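Trainee: In our numbering, the protein residues as written are 2 to 324.
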């Protein structure tokens, strides 16, 4: 059992991760600006839930003074908020807390592992080829830039302190939320599953050609737990893709969702394109070139994803059926 701090632990990814870690025997302390509803089953699993502002340097210092074995830092503004707010607010929320946490943990000298949740958006525009963690980042958005800045803070403390600081570059996650209010319905698979479940059809906003790498939340959680526990020297190679390693078009995803929906509910769904035509097959877009996120670094450590796309989509329909 490890004592683990999860910042942003009530958010979409954080709540799933905190639950996963607690259910696997770890003592989890959650820090978030909003707490869950009193008496929830999720809360009962946690060792402690601390509500506060990550910009409060004094509160961050108090958190870091506790004896944690590992910390997972998930707090950042989302894509839209990162672009619309002034630089001081963006920096104070998405960058400085990474420094404050690591500086305090380094001074205390007790933390062994720090996992920073980054994103593939640090790459900016990437070519349709295999992309390893060594591919040079060139952020094109404030969201990507702030994550890359925090990655470099982690790299600094990884080199200068006794903390093993790891950067996790997440691709596109999907899966059911812990809390109904979690902001997860802008995610492609979640949104399409909800659409077809409620309306019996999916209206695409494009021709379906955009490409994504999708990974289910259960595998995201397993990968992070694996990195918390995995022994090894990460002094130089401390950045990892958490991804499926499989690239699909949005149109292909829609057809897989259509198939799972039909198998699950015995009804035929339709996929409506922007010109109001109905898509019957995902060709010929599927013949186009694809990018590919290389996941061999995680594989070399012994990690394997377990949730295939059809199973993950089924989990979404299970959640929607319970609501």
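Note that CB positions come from ideal geometry on N, CA and C, so glycine has one too.
From a predicted model like this one, the values you see are computed outputs, not experimental measurements.
From residue 160 to residue 291, what distance separates their C-alpha atoms?
Mentor: Cα-Cα distance, rounded: 35 Å.
Trainee: Three-state secondary structure (DSSP) at residue 69?
Mentor: Residue 69 falls in the coil class under three-state DSSP.
Trainee: So what does DSSP say about residue 317, is it helix, strand or coil?
Mentor: Residue 317: helix per DSSP, three-state reduction.
Trainee: Since residue 243 sits in a beta bridge, which residues does DSSP pair it with?
Mentor: DSSP output for residue 243 lists 171 as bridge partner(s).
Trainee: When we look at the beta-carbon of residue 353 and count the other beta-carbons within 10 Å, is it buried (16 or more) or exposed?
Mentor: In this structure the chain extends from 2 to 324, so residue 353 is not present and cannot be described.
Trainee: Suppose you measure from the CA of residue 233 to the CA of residue 37; what does that come to, to the nearest Å?
Mentor: Each residue's Cα considered, the two are about 36 Å apart.
Trainee: May I ask you to list the residues that DSSP assigns as paired with residue 203?
Mentor: Beta-bridge pairing links residue 203 to 272.
Trainee: For residue 295, which residues of its own chain have a beta-carbon under 8 Å away from its beta-carbon, when the five flanking residues on both sides are left out?
Mentor: If we look at residue 295 and ignore the five residues flanking it on each side, its Cβ neighbours are 131, 132, 133, 134, 242 and 246.
Trainee: Would you kindly work out how many angstroms separate the C-alpha atoms of residue 129 and residue 73, rounded to a whole number?
Mentor: So the alpha carbons of these two residues sit roughly 31 Å apart.
Trainee: Taking Cβ positions, are residue 2 and residue 28 nearer each other than 8 Å?
Mentor: In contact: residue 2 and residue 28 (Cβ atoms closer than 8 Å).
Trainee: In terms of residues, what are the limits of the alpha helix (DSSP H) holding residue 1?
Mentor: Residue 1 cannot be examined here, being either before or after the span of the chain that is shown, 2 to 324.
Trainee: Which residue from 268, 182, 323 and 251 puts its Cα closest to that of residue 274?
Mentor: Of the listed residues, the one whose Cα sits closest to residue 274 is 251.
Trainee: Per DSSP, residue 118 forms a beta bridge with which residues?
Mentor: Beta-bridge pairing links residue 118 to 169.
Trainee: Considering only the alpha carbon of each residue, which of 4, 32 and 26 lies closest to residue 16?
Mentor: Checked all of 4, 32 and 26; the closest Cα to residue 16 is 32.
Trainee: Just reading off the alpha helix (DSSP H) that residue 18 is part of, what are its end residues?
Mentor: It spans 13-24 - the alpha helix (DSSP H) in which residue 18 sits, taken as one unbroken run.
Trainee: Is the beta carbon of residue 188 less than 8 Å from the beta carbon of residue 210?
Mentor: Taking 8 Å as the Cβ cut-off, residue 188 and residue 210 do not qualify as a contacting pair.
Trainee: What is the rounded straight-line gap between the Cα of residue 19 and the Cα of residue 276?
Mentor: Distance between the alpha carbons of residue 19 and residue 276: 43 Å.
Trainee: Could you tell me the alpha carbon to alpha carbon distance between residue 325 and residue 197, rounded to whole angstroms?
Mentor: This structure gives no information on residue 325, because the portion of the chain shown stretches from 2 to 324.
Trainee: Mind checking residue 85: buried by the 16 CB within 10 Å criterion, or exposed?
Mentor: The residue in question, residue 85, is exposed, as its Cβ has fewer than 16 Cβ neighbours within 10 Å.
Trainee: Is it the case that the Cβ atoms of residue 75 and residue 14 are separated by a distance below 8 Å?
Mentor: Result yes, Cβ atoms of residue 75 and residue 14 sit closer than 8 Å.
Trainee: How long is the line joining the alpha carbons of residue 107 and residue 8, rounded to whole angstroms?
Mentor: Answer to the nearest angstrom: the Cα atoms are 17 Å apart.
Trainee: Tell me which residues share the same chain as residue 118 and place their Cβ nearer than 6 Å to its Cβ, disregarding the 5 neighbours each side in the sequence.
Mentor: Cβ within range, chain order: 75 and 169.
Trainee: What does DSSP give as the partner residues of residue 4 in its beta bridges?
Mentor: Note: residue 4 sits in a beta bridge opposite 28.
Trainee: For residue 228, count neighbouring C-beta atoms within 10 Å of its own C-beta (all shown protein chains included) and say buried if the count is 16 or more, exposed if not.
Mentor: The residue is buried, with at least 16 neighbouring Cβ atoms inside 10 Å.
Trainee: Pull up the DSSP beta-bridge partners for residue 131, would you.
Mentor: Its beta-bridge partners are 293.
Trainee: So residue 150 and residue 96 are supposed to be a Cβ contact under 8 Å. How far apart are they, rounded?
Mentor: Their Cβ separation, rounded to whole angstroms, is 5 Å, which keeps residue 150 and residue 96 in contact under 8 Å.
Trainee: What would DSSP say about residue 123, mapped onto helix, strand or coil?
Mentor: Helix.
Trainee: Please determine, among 12, 293 and 6, the residue with the shortest C-alpha to C-alpha distance to residue 185.
Mentor: Nearest option by C-alpha distance: 12.
Trainee: Mind checking which residues open and close the alpha helix (DSSP H) that includes residue 50?
Mentor: Not the alpha helix (DSSP H): residue 50 falls in the beta strand (DSSP E), residues 49-52.
Trainee: Along the chain, where does the beta strand (DSSP E) that runs through residue 248 open and close?
Mentor: It spans 248-250 - the beta strand (DSSP E) in which residue 248 sits, taken as one unbroken run.
Trainee: Suppose you measure from the CA of residue 139 to the CA of residue 125; what does that come to, to the nearest Å?
Mentor: Near 5 Å, if we compare the C-alpha coordinates of residue 125 and residue 139.
Trainee: Quick check on residue 64: buried or exposed, where buried means 16 or more other Cβ atoms within 10 Å of its Cβ?
Mentor: By the neighbour-count rule (16 or more Cβ atoms within 10 Å), residue 64 is buried.
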